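Offset between the sequence shown (1-based) and our numbering: plus 5.
We put the CB at the ideal spot given by N, CA and C, even for glycine.
Nothing here was measured: the structure is a model prediction, and the numbers come from that model.
First comes the structure, then the notes that go with it.
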Amino acid sequence: PTDQAGEVRRTLVLRGGEVVLDEVRDGHSGWPEGVTVGPFPDLAGWLSQTEGAVPFVLAQVDRSGGDVAAYVGKGRPPSASAQVEGERWELTKLSIGGWAQDKYQNRARTTGAPTPSRSPRRSNLRKQHRPRLIVVAGDVRARTELVTAIGPPHEAEDLVVVELESGGRAAGVSDETLWADVHETLAAVEARSQQDLLARLEQGLAGTLPTAFGLEPVAEALAKAEVDTLVLDLQAAREQSLDPTTYSGFPVPPGCEDA
């Protein structure tokens, strides 16, 4: 059982009898269910649901502290959480499973924070979790202090900071209203990302932005670590074959060279 209400999609990848990925995402998936056995997993269904996922941080603050959680996308539990109470900034390790488990665990630590307004700098949330969106909810004064401490996005940083009037740390505050507003904000950021992506693709087609099209040119760019954004037609990609051993930049697991 996934312990999640409504429609969900579960992706399992096993290797040598060990589960290396077990991830549940809520929401409808148009990709059919399937089972594959072979040296490489078929992750098309998983990719179809991760498309457009916006990593974000949710901070609920008041004058006594704050609760902060980092998410890699909506419909998933937090990858890490932190709590500010008075003089202490305590990051709580969470067991989320999957191939990113060690990465998330290594991010957890404890450090001092004299005031909640200094917490985003002390925890380096922007550097560690690279959120596209920071949502701040709770007490008006505490929200203002936190947004000021976060500071404006760097020139090369694709970051949106939004304050919400819903949500807070007080007893009786509606989480349902808060998450409805969070999802609405995420939808707006995702829509803007799609528009920006389409604009960049149009620039690539016009020759004004370096862009590779087609299997071989894209594979060469990937092997040279020259790809900023990869756009896939998943159905078309499933019908094509690529020999990764012809590219020095593609590490292939032992025993899979001939797959």
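Self-check item: Contacting residues, own chain, Cβ-Cβ under 8 Å from lysine 229 (five flanking each side not counted)
Solution: For this step, residue 229 is matched to residue 224 along the sequence shown. Same-chain partners within the cutoff: Gly254.
Quiz item: Helix, strand or coil: which one does DSSP assign to aspartate 180?
Solution: Taking the first residue of the sequence shown as position 1, residue 180 is located at position 175. Helix.
Practice item. Since I believe valine 141 is in contact with glutamate 168 (beta carbons under 8 Å), could you give me their beta-carbon distance rounded to a whole number of angstroms? Key: Stepping through the sequence shown from its first residue, residue 168 is reached at position 163. Stepping through the sequence shown from its first residue, residue 141 is reached at position 136. Glutamate 168 to valine 141, Cβ: 5 Å. Contact.
Spatial neighbours of aspartate 343 in its chain, beta-carbon cut-off 7 Å, leaving aside the 5 residues before and after: Since the displayed the chain opens at 6 and closes at 264, residue 343 lies outside it and no answer follows.
Give me the DSSP bridge partner(s) of valine 66. For the purposes of this step, residue 66 is taken as residue 61 along the sequence shown, with counting starting at 1. For valine 66, which the question treats as bridged, DSSP gives the partners Gly71, Gly143.
Report task. Starting from the C-beta of aspartate 144, find all residues in its chain whose C-beta is less than 7 Å away, skip the five residues before and the five after it, and write them out in chain order. Result -> Your numbering for residue 144 matches position 139 in the sequence shown. Closer than 7 Å at the Cβ level, and outside the excluded window around aspartate 144, lie Val66, Asp67, Arg68, Gly173.
Let me check understanding here. Comparing Cα to Cα, which of Glu150, Val29, Arg135, Ala147 lies closest to leucine 164?
Sequence index remark: in the sequence shown, residue 164 carries index 159 (1-based). The option with the nearest alpha carbon to leucine 164 is Arg135.
Who are the Cβ neighbours of leucine 11 in its own chain at under 7 Å, not counting the five residues just before and after it? As a working note, residue 11 is residue 6 in the sequence shown. Sequence check: residue 11 is glycine here, not leucine. Around glycine 11: Asp31.
For glycine 219, count the other beta carbons within 10 Å of its own beta carbon; 16 or more makes it buried, fewer makes it exposed. Which is it?
Here the question's residue 219 lines up with position 214 in the sequence shown. Its Cβ having fewer than 16 others within 10 Å, glycine 219 is exposed.
With DSSP as the reference, identify every bridge partner of arginine 15, one or two as the case may be. Taking the sequence shown and counting its residues from 1, the one referred to as residue 15 is at position 10. Val29.
*Buried or exposed (CB count within 10 angstroms, at least 16 for buried), leucine 63*: Here residue 63 refers to the residue found at position 58 when the sequence shown is read from its first residue. Classification for leucine 63: buried.
Q) Opposite phenylalanine 61 in the DSSP bridges: which residues? A) Translated into positions along the sequence shown, residue 61 becomes position 56. Partner(s): Tyr76, Leu138.
Measuring only the C-alpha atoms, how far is proline 60 from threonine 251? For this step, residue 60 is matched to residue 55 along the sequence shown. For this step, residue 251 is matched to residue 246 along the sequence shown. Their Cα atoms are separated by approximately 34 Å.
Less than 8 Å between C-beta atoms, sequence neighbours within five positions excluded: which residues of the same chain meet that for valine 13? Stepping through the sequence shown from its first residue, residue 13 is reached at position 8. Hits under 8 Å: Thr7, Val29, Arg30, Asp31, Gly32.
Which of the three DSSP states, helix, strand or coil, is assigned to alanine 85?
-> For the purposes of this step, residue 85 is taken as the residue at position 80 of the sequence shown. Strand.
- Do lysine 79 and leucine 191 have their CB atoms nearer than 8 Å? Your numbering for residue 79 matches position 74 in the sequence shown. Your numbering for residue 191 matches position 186 in the sequence shown. Cβ distance < 8 Å, so lysine 79 and leucine 191 count as in contact.
Which one of Phe45, Val223, Ile139 has the shortest CA to CA distance from histidine 188? Within the sequence shown, residue 188 is the residue found at index 183, counting from 1. The shortest Cα separation from histidine 188 among Phe45, Val223, Ile139 belongs to Ile139.
One question on the structure: do aspartate 186 and serine 198 come within less than 8 Å of each other, judged by their Cβ atoms? Reading the sequence shown from its first residue, position 181 is the one you call residue 186. Reading the sequence shown from its first residue, position 193 is the one you call residue 198. No, they are not a contact pair.
Exposed unless 16 or more other CB atoms sit within 10 angstroms - verdict on aspartate 248: Working through the sequence shown from its first residue, we reach residue 248 at position 243. Looking at its Cβ environment, which holds fewer than 16 other Cβ atoms inside 10 Å, aspartate 248 is exposed.
I need the DSSP call for leucine 237, collapsed to helix, strand or coil. Residue mapping note: residue 237 aligns to position 232 of the sequence shown, counting from 1. Leucine 237 falls in the coil class under three-state DSSP.
Measure the C-alpha to C-alpha separation of valine 73 and valine 257 and round it to an integer number of angstroms. For the purposes of this step, residue 73 is identified with residue 68 of the sequence shown, where counting begins at 1. For the purposes of this step, residue 257 is identified with residue 252 of the sequence shown, where counting begins at 1. Going by the C-alpha atoms only, they are around 38 Å apart.
| query | Can you tell which of Pro83, Ala217, Glu262, Val152 has its C-alpha closest to the C-alpha of leucine 235? | reply | Locating residue 235 in the sequence shown gives position 230, counting from the first residue. Here the closest residue by C-alpha is Ala217.
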